[in-house]
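S.K.: Using my numbering, read the sequence shown as starting at 169 and increasing by one per residue.
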Amino acid sequence: YSEALKPLLNKDRLICVGFYADRKDNRYNGLGYFSLDPNTLDIRVKKYNPFSPQFMMDKFGKEDVEQVKNLVFKNVSFASDGCVQFNAEEYFVTNSIQANSSGGRVRVERYHHNDIVSAKLGPSGELIWARNINKSEVTQGDGAYVSYCSYTKDGDTYFFISSAAEQPELLNNERLIFKQGFSRNRNVFVIRLNDEGKMSYSKMIDSKDARLPLMVSKPLMNKKEDALLFYAKRGTKKQLVNVYIN
């Protein structure tokens, strides 16, 4: 069953990328790719790629058993050789009933922005690599301060996220885990996935230097200069941070 397919038009190509499930539910088993004739919508190429052992190891620390679910498409980029890289996020909403100050009960919704999923597919839809970046974020308010944004340049993709953790957990030299924490000020990290799917990271802004929390998921992107402009706000205080991709 094809799930969460995203139609994309690139030059004379109409493709749909997303996820598929062996059963009709939200538990995904891999990545789906369809290439269609843009005029007749006839399917030219159809490809189903199971999640790779590397992806399952990134996400769960083991290669099988666990289920992947609640993935939401975020964005896509096309390479000059016809390869496609698309990014998604594990997103879901939970509800609970809480008592308020007047003795009544209110329903509270929490928005969970968890793991980042990134995959690269070849010109014919074959899976080249798929990676998972572990993170855990939850908010009841403005989602601009959580989630992430990404920018692709010369085959490398850069992910910008914020975290109260001073450093992420690094397991087996490859498995990154970012936790939300409870700090008022948050560190900003940039994670780089190169053209071969190799992962590295660095701390871009330390929480001790940041006056205000950045809206990491909603930057203004200047693709001519390979720059991202982030907006920060707390109360009446505001700040702009400009980042260049070299």
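We put the CB at the ideal spot given by N, CA and C, even for glycine.
Output needed for E277: all residues of its chain with C-beta closer than 8 angstroms, excluding positions within five of it in sequence on either side, in chain order.
M.R.: V261, T262, N263, Q308
S.K.: Taking K215 as part of the beta strand (DSSP E), name the residues at either end of that continuous run.
M.R.: Segment 211 to 218, the beta strand (DSSP E) holding K215.
S.K.: Would you mind sorting A189 into buried or exposed? The rule is 16 or more other CB atoms within 10 Å of its CB.
M.R.: Buried, by the Cβ-count rule.
S.K.: Determine, using beta carbons only, whether L176 and V285 come nearer to each other than 8 angstroms.
M.R.: no
S.K.: Just reading off the beta strand (DSSP E) that P439 is part of, what are its end residues?
M.R.: Because the chain spans 169 through 414 in this model, residue 439 falls outside it and cannot be assessed.
S.K.: DSSP three-state label for F350, please.
M.R.: Only weak support is given to the placement of F350: the predicted model assigns it a pLDDT of 48, under 50, and the value that follows is read from those uncertain coordinates. In this structure, F350 counts as coil in the three-state DSSP scheme.
S.K.: Comparing C-alpha positions only, which one of Y279, K391, S292 sits nearest to L204?
M.R.: S292
S.K.: For the alpha helix (DSSP H) containing K227, name the first residue and the last one.
M.R.: 221 to 228
S.K.: Can we say the stretch 178 to 193 touches the stretch 205 to 221, given the rule of at least three CB pairs closer than 8 angstroms?
M.R.: yes
S.K.: In chain order, what residues of the same chain have a beta carbon less than 7 angstroms from the beta carbon of G272, not counting five sequence neighbours either side?
M.R.: none
S.K.: Quick check on D283: buried or exposed, where buried means 16 or more other Cβ atoms within 10 Å of its Cβ?
M.R.: buried
S.K.: For F246, which residues of its own chain have a beta-carbon under 7 angstroms away from its beta-carbon, when the five flanking residues on both sides are left out?
M.R.: N178, V252
S.K.: Note the first and the last residue of the continuous beta strand (DSSP E) segment covering F253.
M.R.: According to the sequence displayed, residue 253 carries Gln and not Phe. Per DSSP, Q253 is one residue of the beta strand (DSSP E) stretching across 252 to 267.
S.K.: Quick check: what's the CA-CA separation for Y369 versus S315?
M.R.: Distance between the alpha carbons of Y369 and S315: 17 angstroms.
S.K.: Look up A503 in the DSSP assignment and give the residues it is bridged to.
M.R.: Lying outside 169 to 414, the shown extent of the chain, residue 503 is not represented and no answer is given.
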